[in-house]
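The next block holds one structure in the form of C-alpha cells; read it before the comments.
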Amino acid sequence: MKRYKIWKRGKIVESRYPGLYAGIVTMGIFGTLTCKSGMRALKKNRIFFHFWRDAVLAGMRPCKLCKPEKLGREEKLLKQKLKTNG
Ligand SMILES: [Zn+2]
216 MKRYKIWKRG KIVESRYPGL YAGIVTMGIF GTLTCKSGMR ALKKNRIFFH FWRDAVLAGM
276 RPCKLCKPEK LGREEKLLKQ KLKTNG
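Under the numbering used here, the sequence shown has 264 at position 49, and the numbering climbs by one with no breaks.
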C-alpha cells in the first residue's frame with residue numbers, strides 16, 4: 216500500500232492518506248495540491264499536511280490564489296478516516 220509523507224508537529228510521518236494541503240518551504244505558503252504555484256515548486260521544497268492547523272504550526276501562510284480554506288469539509292472527512300484507520 217502506498218504511504219504518504221506528511222508533516223505533523225515538526226516531524227515527517229507516514230500515512231496511508233495523502234495530504235490535503237501542500238506547502239512550499241522556500242516560500243512559506245501552503246495551498247491545495249493542485250495549486251499552480253505549488254506545482255511549479257521543486258519537489259524537494261514541498262511538504263504535505265493533513266490539516267490546516269499543522270500547516271500553520273509549521274509557520275506557513277495560506278496561498279491567496281487557490282484558497283485552501285475551501286477544504287474544510289474534506290478535512291472533516293479525513294479526520295474521521297484517520298480516527299478509524301490510524
Ligand atoms: Zn495556491
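Glycine included, every Cβ here is placed at the ideal spot set by N, Cα and C.
Say yes only if the C-beta of Gly243 is nearer than 7 Å to one or more non-hydrogen atoms of ligand 1, and no if none qualify. no
Which residues does DSSP pair with Thr299 in a beta bridge? Answer by DSSP bridge pairing: none, since Thr299 is not bridged.
Using the Cα positions of Ile221 and Lys298, report the straight-line distance between them to the nearest angstrom. 16 Å
Which runs of the alpha helix (DSSP H) at least 4 residues long sit entirely within the region 234 to 287? Give them in chain order. 251 to 255 and 267 to 272
Closest to Ile227 by C-alpha separation, out of Gln295, Ala270, Pro283 and Glu289, would be which residue? Ala270
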